[in-house]
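Structure, as structure tokens:
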Amino acid sequence: METIGWDDFARVELRVGTIVAVEDFPQARRPAWRLRVDFGAELGLRKSSAQITELYSRDDLLGRQVVAVVNFPPKQIGPFMSECLVSGFYREDGAVVLCVPDREVPNGARLG
1 METIGWDDFA RVELRVGTIV AVEDFPQARR PAWRLRVDFG AELGLRKSSA QITELYSRDD
61 LLGRQVVAVV NFPPKQIGPF MSECLVSGFY REDGAVVLCV PDREVPNGAR LG
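With UniProt numbering, letter number 54 in the sequence shown gets 54, and the count goes up by one each step, no holes.
Next comes the structure, spelled out in structure tokens:
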């Protein structure tokens, strides 16, 4: 594993947001949801595509806070433009478990 310096890590904007919309994404190569995440007044709403359909239903996701990288450039995923990367951990079976705060925090709060 390559080590990085504190300055490298500090450049990554990991922020908390609340999922406010979950839509089907039938054009995705692998099953995915289209998410709209509220990062508060400073960052506003951002869109993301997330391959988390194995473990999370629409109802599981609405209103849930997640941790996302918000300073990647937008990425075109088929007909959809993703504006942030919702973070998660891969299990051995390939399913993704979301990275979430264990207590509610303000939308837009930065990991620090």
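Ideal Cβ placement from N, Cα and C applies to all residues, glycine included. Quantities reported herein were computed from a predicted structural model and do not represent experimental measurements.
Looking only at its chain, what residues have a beta carbon closer than 6 angstroms to the beta carbon of residue i, apart from the 5 residues adjacent to it on each side?
| i | result |
| --- | --- |
| N71 | E13 |
| G78 | Q27 |
Identify the continuous beta strand (DSSP E) that holds residue i and give its terminal residues.
| i | result |
| --- | --- |
| A50 | 45 to 50 |
Since residue i contacts residue j with CB under 8 angstroms, what's their CB separation in whole angstroms?
| i | j | result |
| --- | --- | --- |
| L85 | A68 | 6 angstroms |
| residue 147 | V37 | Residue 147 lies beyond the stretch modelled for the chain, which goes from 1 to 112, so this question has no answer here. |
If I measure Cβ to Cβ from residue i and keep anything under 7 angstroms in the same chain, skipping five residues before and after, which residues do I get?
| i | result |
| --- | --- |
| K75 | S82 |
| R15 | F39, L43, A68, V70, G108, A109, R110 |
Leaving out five residues before and five after residue i in sequence, what residues of the same chain have Cβ atoms less than 8 angstroms from its Cβ?
| i | result |
| --- | --- |
| R30 | Q51 |
| A41 | G108 |
Worksheet item: What are the uninterrupted segments assigned as beta strand (DSSP E) that are 3 or more residues long and contained completely in the UniProt domain "TRNA-binding" (8 to 112), given in chain order?
Response: The UniProt domain "TRNA-binding" (8 to 112) contains these whole beta strand (DSSP E) runs: 14 to 24, 33 to 38, 45 to 50, 65 to 69, 75 to 77, 80 to 82, 88 to 90, 96 to 98.
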